[in-house]
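>
In our numbering, the protein residues as written are 33 to 477.
1. Using a C-beta cutoff of 9 angstroms, does residue 184 count as contacting chain C?
2. Please state whether the Cβ-Cβ distance between residue 221 and residue 260 is less than 9 angstroms.
3. Tell me, please, which residues DSSP counts as bridged to residue 169.
4. Using the three-state DSSP reduction, which class does residue 56 fall into: helix, strand or coil?
5. For the beta strand (DSSP E) containing residue 46, name the first residue and the last one.
6. Using the beta-carbon count (16 or more within 10 Å), is residue 443 buried or exposed?
7. Would a C-beta distance cut-off of 9 angstroms place residue 274 and residue 56 closer than the cut-off?
8. Starting from residue 227, trace the alpha helix (DSSP H) in both directions and tell me its first and last residue.
9. Are residue 369 and residue 379 close, meaning C-beta to C-beta below 9 angstroms?
10. Do residue 279 and residue 467 have their beta-carbon atoms positioned less than 9 angstroms apart in this structure?
11. Let me check understanding here. Comparing Cα to Cα, which of 376, 392, 448 lies closest to residue 148?
12. Cα separation between residue 232 and residue 475?
13. Along the alpha helix (DSSP H) that carries residue 250, what are the first and last residues, could you check?
14. Check whether the stretch 286-298 touches the stretch 34-54, taking contact to mean three or more Cβ pairs, one atom from each stretch, closer than 8 angstroms.
15. Could you tell me the alpha carbon to alpha carbon distance between residue 135 and residue 159, rounded to whole angstroms?
16. When we look at the beta-carbon of residue 427 and count the other beta-carbons within 10 Å, is it buried (16 or more) or exposed?
17. In whole angstroms, what separates the C-alpha of residue 123 from that of residue 419?
18. Tell me, which residues are paired with residue 145 by DSSP?
19. Beta-carbon within less than 6 angstroms of residue 436's beta-carbon, same chain only, minus the 5 sequence neighbours each way: which residues are those?
20. From the DSSP output, in three-state form, read off residue 303 for me.
21. Does residue 176 come out as helix, strand or coil in the three-state DSSP assignment?
22. Beta-carbon within less than 7 angstroms of residue 111's beta-carbon, same chain only, minus the 5 sequence neighbours each way: which residues are those?
23. Below 9 angstroms between beta carbons: does that hold for residue 130 and residue 210?
24. Quick one: what's residue 410 bridged to in DSSP?
25. Taking residue 370 as part of the alpha helix (DSSP H), name the residues at either end of that continuous run.
26. According to DSSP, is residue 347 helix, strand or coil?
27. What is the DSSP secondary structure of residue 425, counted as helix, strand or coil?
28. Residue 382 bridges to which residues according to DSSP?
29. Where do the N-terminal and C-terminal ends of the beta strand (DSSP E) with residue 404 fall, by residue?
30. Residue 470 by DSSP, collapsed to three states: which one?
31. Between the stretch 260-271 and the stretch 441-456, do at least 3 Cβ pairs fall closer than 8 angstroms?
32. Is residue 373 buried or exposed, if buried means 16 or more other CB atoms sit within 10 Å of its CB?
33. Taking the C-alpha atoms as reference points, what is the distance between residue 50 and residue 163?
34. What ranges does the alpha helix (DSSP H) occupy inside the stretch 306-336, keeping only unbroken runs of at least 4 residues that lie completely in it?
35. Quick one: what's got a C-beta closer than 8 angstroms to residue 216's C-beta in the same chain, skipping five residues either side?
36. Which same chain residues, not among the five before or five after residue 341, have their C-beta less than 6 angstroms away from its C-beta?
Here is the structure:
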């Protein structure tokens, strides 16, 4: 087993240029591939998940070339040329969900599979919604989960489509991007009704903004009913730059708070389309000093922490605890679970049921590893409650469960002045292959 020893550190400061957003990168790749015209994509994230999407699109007949940090995607005018193929999508949820919808309306025969964990992540809400417009999709293994077989069929939309919103917003985003390509039987609009609460709404807003960049403008009524134009083509904007990854920013902003700071992340700011920039507000509620501009955010510890003798875990434990609904920042909320170790009371993170169907069951994985450090942890179907110990356990080995966010989150524990070991740190290649290089540049004993 590969492992990485970190710490003990007590200080962090510096600047980090963020890689491109994974969520934006994979959405832009798909929209560019479906467009009329060619698209130059700048600052596309280079990681496992985007490589999965790039390889899948190329297998579907999309021409993609790279020059330096830019990719040129030749649009297919709304229809992938390859009408029959098998795609292995690893554990890339954004690729599996969005391509399932895009291929269901492509009049072809496809098989989509992934790693065992992907085949344990539910997809039935998306499949049920697509079947409402006539899509022919079969489960090849357990009902409700990949792998999937998609059969060719002519589709038409006859009535509003219903999709559940409480498991993953990616199901709705996949429908939003795919369904404008289908004609309607009555009227000229596609209507999608969300059943139940829509989680991670900022990710859906991101999808809508990116669709508008490619010429398809949709509207919604309080995020419960979405109205799309029917039988429309996407048109390339010609050039689009991917903003920095706000989820990745959370680790460095937290490092700035836990290690004194300041730490500035460049590539996202108050104009970002990503909901995870709201993580900075959560840090502010814990007492952090936050500054931001158009394309950067900077975080520092509360004034009481930035003293010459703030060098022990005990002196660091002065952040305010939180009791927070994390529906809008489910990924960045994991970083708050680590910040809870530095709080002077119990932190409760609520409305995080989606953690259970991610790369691992993140609620149980987080609870298991936090307990190793001495924290008292309670969990439920959709919450985690963390009470920090008087003193963190030293020399803990952190298991990462092949989950990139577990590895990046727990690296922050080393800023408590205790050494830790991260098992299988290479899992960060899913979204941020150079994470530990960036982290080690800003921390010091």
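All residues carry an ideal CB built from backbone N, CA and C; glycine is no exception.
Looking at the atomic coordinates:
1. Annotation note: the requested chain C is absent from the structure, which comprises a single protein chain.
2. yes
3. 182
4. helix
5. Counted as a single uninterrupted DSSP element, the beta strand (DSSP E) harbouring residue 46 occupies residues 43-49.
6. buried
7. yes
8. Premise fails: residue 227 lies in the beta strand (DSSP E), 221-227, not in any alpha helix (DSSP H).
9. Contact check for residue 369 against residue 379 passes: the beta carbons are separated by less than 9 angstroms.
10. no
11. 392
12. 31 angstroms
13. Neither: residue 250 is in no alpha helix (DSSP H) and is coded neither H nor E.
14. yes
15. 12 angstroms
16. Classification for residue 427: exposed.
17. Rounded to whole angstroms, residue 123 and residue 419 show a C-alpha spacing of 32 angstroms.
18. 120
19. 459, 460, 462, 463
20. coil
21. Coil.
22. 138
23. Yes, they are a contact pair.
24. 417
25. 365-371
26. Low per-residue confidence applies at residue 347: pLDDT is 43, beneath 50, and the placement is therefore not dependable, though the value from the model is reported in the following sentence. Helix, per DSSP.
27. coil
28. 357, 415
29. Here residue 404 belongs to no beta strand (DSSP E); instead the alpha helix (DSSP H) covers 394-404.
30. Residue 470 falls in the helix class under three-state DSSP.
31. no
32. By the neighbour-count rule (16 or more Cβ atoms within 10 Å), residue 373 is buried.
33. 39 angstroms
34. 311-317
35. 188, 189, 190, 222, 262, 263
36. Because residue 341 carries a pLDDT of 44, less than 50, the predicted location of this residue cannot be relied on, and no value is offered for it.
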